[in-house]
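J.: I'd like to ask you about the structure that follows.
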Amino acid sequence: MRTPAFTLILTAVAAALYFTFNFVGNDYLFFAGYTVLQYIVLATAWNILGGYCGYVNFGSAGFFAIGVYTTVFLYAVGQQIETLVPEFMLAPMQLIFPLPLPVMIIVAGAVAGFIGLGMGYLTLRLRGVFFAIATLALTVVLETFIVNWSFVGGSRGAYVIPPNEVPVFGNFIQFLFALMLVLVILALTTARLIERSKLGVGFATIRDDELAAEASGVPTLRLKLIATVVSGALMGMAGAPFPFYIGYVEPASAFNLSYAVNSIAMPMIGGTTSWIGPLVGALLLGTLQQVATVTISSAVNLLIVGLLLIFFVIIAPRGIVGLVQDQLRKRSKS
Amino acid sequence: MEFDLLINAIIAGLMLGGFYAAVTAGISISFGMLDIVNIAHPGFIILGSYIAYIVNVHFGADPILIAIVALPAFYALGSIIYQIYYQSFEKHGQDSLRGLAFFFGLLFVTEVALNLVFGVDYRTVDVPYIGGSLSIGAMEFPVRMLVPCLVSVAMFGGLILFMSRTFIGRAVMAVSQDPQALQLMAVDPIRIKRIAFSISIATASMAGAFLIIIQPVIPSSGREYIGRVFAICVLGGLGSLPGTLIAAFMIGVIESITSTFYGPSWAPAVSFGLLLLTLAVRPSGLFGR
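Residue numbers (the working numbering), protein chains in the order written: chain A, 723 to 1056; chain B, 3 to 291.
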């Protein structure tokens, strides 16, 4: 299937989903759906670096929070524009601010991608393990900075008040849901595009044998940097609408470890070699968690995710997609 | 006055560093010598803290004593984890991605399980010497820092002696370099690795007890130490125990000075900055080969 056709089908599915939810008319569907969609973007983004290149990123929560706090920052600037900007600049700045949310998402993606580039440049030349550890520590340090930065709320947190009405969509949560759908389409298309391009082949050589790839003339560092930037930017974009979704953010919720765990567990459980894996994993785990949060408790559902991750990593290393493929192969043989 | 502050910051940092040495010892063995990236180690440390907490609350025993009694249990836990790790990952060659995900899952499960059992309240132990403090001139030595530091350095010295003097210790040092040569000496490299990994987990029992003497503990406390322990381990040079000890003191002092003069909320960023700097400038660390 060509990429435009693929995107078209995805868009059609997304539109169908949106109108079905709209038809049912229950806001909870949009709230729960938003979380699942957000995990699809995170899982797909993680997989571009983790699944395709084999470099484990434990810092998903950090990249997500970069997106979250870019929005909080831009929102705060918009709120206090009179005090921040000198008199003569006020008129043009007031035209720009407050920024519309889609623009904030793009800015967040750029910031997260840039931080990914910087960190990748420092650590990607070493063994993959060092990169993994650095990402783990990155979350802690970013959190330290945010806690100490009072402009974005510090440890007190910050309120971001969503507008009541949005043109075209009416309800704000429906607008957020639609935005997330667009991000999902973007993430899946990007992942599939990479997978089928020369870039994806290069990524796969890094995953399978980096030394051999290097020896055959694959520019491994450049490819890894591309993967880190794309993956980081998508995670940042997934985080950008979050303050408007939740209304109040503080460091502990933006840097929550469950984002990191989920964005690793979902591709691992779904399967890491193609774009379908993270999608399947995120849909399954995301929905399961929504159900478990309502029916049992949020701590128990995190425990389930952790245990599932360990279980799948040991028993079914190729994930659900791998299991299904094995079944199909067996059937076609007999 | 400023000078007194600096002296006391350095003293506090040295004591903190002694404690960090105990926290890092396990990682230094598993990551530095065996190439097993056990990022779940801080989780086991917190487990050790909670064991010390339960026994202390019910029987009033000294946390360090409890940790010593719990050593065999942690050793056994280490053996089990290594067996799982070996069977599912190491045997099939270099699948570091899944191994990392496995340990990450362990870390997360430990934390969430502790959360479910104990809740998110801060827990402390009750020991007579916790409030005390020795002072020599202007220098202050809070006993709650001094005791963990001394025991920790003693433990670390024991580890260094064990690794350099005994046959098994030397075999551990050799196993990461050339497992085949070890087999020629009629030593099973898997057994050696299992022993070493079990020892590394056993140190978590001690480190856990030290941690809960020094400060109150919640299940997520372990996370703060992930960046720190790897920073110390890499800074000291992979596989070098003396290097780890020196790096632990360095990080302790730098963190202590940072929190004295710039505020404690900045201290966690120090170790990460040093980690990135080390990785960028000299990835083999200060004392690495």
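Cβ atoms here follow ideal geometry from the backbone N, Cα and C, with glycine treated the same way. From a predicted model like this one, the values you see are computed outputs, not experimental measurements.
1. Looking only at its chain, what residues have a beta carbon closer than 6 Å to the beta carbon of VAL231/B, apart from the 5 residues adjacent to it on each side?
2. Quick check: PHE263/B and ALA11/B, are their CB atoms within less than 9 Å of each other?
3. Going along chain A, which residues have a C-beta under 9 Å from ARG100/B?
4. Examine the Cβ distances between the segment 268-287 of chain B and the segment 225-245 of chain B and report whether three or more of them are shorter than 8 Å.
5. Leaving out five residues on either side along the sequence, give the residues of the same chain with a beta carbon under 7 Å from the beta carbon of GLU932/A.
6. Going along chain B, which residues have a C-beta under 8 Å from ILE1032/A?
7. Look up PHE292/B in the DSSP assignment and say whether it is helix, strand or coil.
8. Listed from N- to C-terminal order along the chain, which residues in the segment 1001-1020 of chain A have their beta-carbon within a distance smaller than 9 Å of any beta-carbon of chain B?
9. Give the secondary structure of ILE138/B by DSSP, where H, G and I count as helix, E and B as strand, and everything else as coil.
10. Counting only beta-carbon atoms, is THR995/A nearer than 9 Å to chain B?
11. Which residues does DSSP pair with GLY961/A in a beta bridge?
12. Going straight from the alpha carbon of ILE1032/A to that of LEU99/B, what length do you get?
13. Name, in chain order, the residues that DSSP records as bridge partners for PRO144/B.
14. If you count every other CB in all the chains shown that lies within 10 Å of the CB of SER135/B, and 16 or more means buried, which is it?
15. DSSP on ARG125/B, reduced to helix/strand/coil?
16. Using 8 Å for Cβ pairs, my map puts GLY50/B next to GLY275/B. What's the rounded Cβ distance?
17. Leaving out the 5 sequence neighbours to the left and right, which residues in its chain are closer than 7 Å to MET165/B when beta-carbon positions are compared?
18. Chain B beta carbons: is any one of them nearer than 9 Å to that of ILE928/A?
19. Rank ALA830/A, GLN801/A, ALA1004/A and ILE788/A by C-alpha distance to the C-alpha of SER975/A and give the top, closest one.
20. Using beta carbons (cut-off 9 Å, strictly below), is ASN870/A in contact with chain B?
21. Should ARG225/B be flagged as near chain A, meaning a C-beta pair shorter than 9 Å?
22. Using CA coordinates, which residue listed in THR205/B, LEU8/B and ILE248/B is at the minimum distance from TYR77/B?
23. Does any residue of chain B bring its CB to less than 9 Å from the CB of GLU917/A?
24. Is GLY892/A helix, strand or coil by DSSP?
25. Hey, would you say GLY19/B sits closer than 9 Å to LEU152/B, going by beta carbons?
26. Closer than 9 Å, Cβ to Cβ, to anything on chain B: give me those residues from the segment 765-793 of chain A, in chain order.
27. What in chain A is Cβ-close to PRO285/B, meaning under 8 Å?
28. Assuming TYR55/B and ILE214/B are in contact, meaning their beta carbons sit under 8 Å apart, how far apart are those beta carbons, in whole angstroms?
29. Are ASP930/A and GLY781/A close, meaning C-beta to C-beta below 9 Å?
30. Would you tell me roughly how many angstroms separate the C-alpha atoms of GLN802/A and LEU817/A, rounded to the nearest one?
31. What are the uninterrupted segments assigned as alpha helix (DSSP H) that are 4 or more residues long and contained completely in the segment 915-1000 of chain A, given in chain order?
32. What do you reckon, are the CB atoms on ARG224/B and SER273/B nearer than 9 Å?
33. Please work out which residues of its chain come closer than 8 Å, Cβ to Cβ, to GLN85/B, disregarding the five sequence neighbours upstream and downstream, and give them in chain order.
34. Is it true that the CB of VAL940/A sits closer than 9 Å to the CB of GLY924/A?
35. Can you name the residues that DSSP bridges to PHE880/A?
36. Taking its Cβ as the centre, do 16 or more other Cβ atoms sit within 10 Å of GLY831/A, making it buried, or is it exposed?
T.: Reading from the atomic positions:
1. Here residue 231/B is taken as the residue at index 229 of the second sequence, counted from 1. Cβ neighbours of VAL231/B beyond the five flanking positions: VAL25, THR26 and ILE29.
2. Taking the second sequence and counting its residues from 1, one reaches residue 263/B at position 261. Taking the second sequence and counting its residues from 1, one reaches residue 11/B at position 9. Contact check for PHE263/B against ALA11/B passes: the beta carbons are separated by less than 9 Å.
3. Reading the second sequence from its first residue, position 98 is the one you call residue 100/B. Here the neighbours are MET990, VAL1035, ILE1036 and PRO1039.
4. yes
5. Residue 932/A sits at position 210 when you count from the first residue of the first sequence. Exclusion of the five residues before and after GLU932/A leaves THR942 as the residues of its chain whose Cβ lies within less than 7 Å of its Cβ.
6. The count along the first sequence starts at 1 and reaches residue 1032/A at position 310. Correct list: PHE104, GLY107, LEU108 and VAL111.
7. The structure shown does not extend to residue 292/B, since chain B spans only 3 to 291, so no value can be given for it.
8. SER1019
9. By 1-based counting over the second sequence, the position of residue 138/B is 136. Strand.
10. Within the first sequence, the letter at position 273 stands for residue 995/A. Output row for THR995/A: interface = no.
11. Counted from its first residue, the first sequence places residue 961/A at position 239. DSSP lists no partner for GLY961/A.
12. Taking the first residue of the first sequence as position 1, residue 1032/A is located at position 310. Taking the first residue of the second sequence as position 1, residue 99/B is located at position 97. In a straight line, the C-alpha of ILE1032/A is about 13 Å away from that of LEU99/B.
13. If you number the second sequence from 1, residue 144/B lands on position 142. According to DSSP, PRO144/B bridges with SER135/B.
14. As a position in the second sequence, residue 135/B is number 133, starting the count at 1. By the 10 Å Cβ count, SER135/B comes out exposed.
15. In the second sequence, counting from the first residue as 1, residue 125/B sits at position 123. Correct three-state label for ARG125/B: strand.
16. Working through the second sequence from its first residue, we reach residue 50/B at position 48. Working through the second sequence from its first residue, we reach residue 275/B at position 273. GLY50/B to GLY275/B, Cβ: 28 Å. No contact.
17. The residue given as residue 165/B occupies position 163 in the second sequence. Closer than 7 Å at the Cβ level, and outside the excluded window around MET165/B, lie GLY171, VAL174, MET175 and LEU243.
18. For the purposes of this step, residue 928/A is taken as the residue at position 206 of the first sequence. Not closer than 9 Å to any Cβ of chain B, the Cβ of ILE928/A fails to qualify, so no.
19. On the first sequence, residue 975/A is found 253 positions in, with the first residue counted as 1. Scanning ALA830/A, GLN801/A, ALA1004/A and ILE788/A for the CA closest to the CA of SER975/A turns up ILE788/A.
20. In the first sequence, counting from the first residue as 1, residue 870/A sits at position 148. Answer yes: the Cβ-Cβ gap between ASN870/A and chain B drops below 9 Å somewhere.
21. By one-based count along the second sequence, residue 225/B stands at place 223. Interface residue, yes.
22. For the purposes of this step, residue 77/B is taken as residue 75 along the second sequence, with counting starting at 1. It is THR205/B whose Cα lies nearest to the Cα of TYR77/B.
23. Sequence index remark: in the first sequence, residue 917/A carries index 195 (1-based). By this cut-off, GLU917/A is not an interface position.
24. The count along the first sequence starts at 1 and reaches residue 892/A at position 170. Strand, per DSSP.
25. Start at 1 with the first residue of the second sequence, and residue 19/B comes out as number 17. Start at 1 with the first residue of the second sequence, and residue 152/B comes out as number 150. No; because the gap between Cβ atoms is not below 9 Å, this pair is not in contact.
26. GLY772, GLY773, GLY776, TYR777, VAL778 and PHE780
27. Here residue 285/B refers to the residue found at position 283 when the second sequence is read from its first residue. LEU848 and PHE852, listed in chain order.
28. As a first step, residue 55/B must be located in the second sequence, where it is residue number 53. As a first step, residue 214/B must be located in the second sequence, where it is residue number 212. 6 Å between Cβ atoms; contact.
29. Sequence index remark: in the first sequence, residue 930/A carries index 208 (1-based). Sequence index remark: in the first sequence, residue 781/A carries index 59 (1-based). Against a cut-off of 9 Å, the Cβ pair of GLY781/A and ASP930/A comes out as no contact.
30. Taking the first residue of the first sequence as position 1, residue 802/A is located at position 80. Taking the first residue of the first sequence as position 1, residue 817/A is located at position 95. If you take the alpha carbons of GLN802/A and LEU817/A, they lie about 14 Å apart.
31. 920-930, 932-937, 942-961, 964-968, 973-976 and 979-992
32. Position 222 of the second sequence, counted from the start, is the residue given in the question as residue 224/B. Position 271 of the second sequence, counted from the start, is the residue given in the question as residue 273/B. Reading off the sequence shown, one finds Gly at residue 224/B, where the question assumed Arg. Taking 9 Å as the Cβ cut-off, GLY224/B and SER273/B do not qualify as a contacting pair.
33. Residue numbering aside, residue 85/B sits at position 83 when the second sequence is read from its first letter. Same-chain partners within the cutoff: ARG196.
34. Taking the first sequence and counting its residues from 1, one reaches residue 924/A at position 202. Taking the first sequence and counting its residues from 1, one reaches residue 940/A at position 218. Yes, the Cβ-Cβ distance between GLY924/A and VAL940/A is below 9 Å.
35. Taking the first sequence and counting its residues from 1, the one referred to as residue 880/A is at position 158. A small correction: the amino acid at residue 880/A is Ala; Phe does not occupy that position in the sequence shown. BP columns for ALA880/A point to VAL971/A.
36. For the purposes of this step, residue 831/A is taken as residue 109 along the first sequence, with counting starting at 1. Buried.
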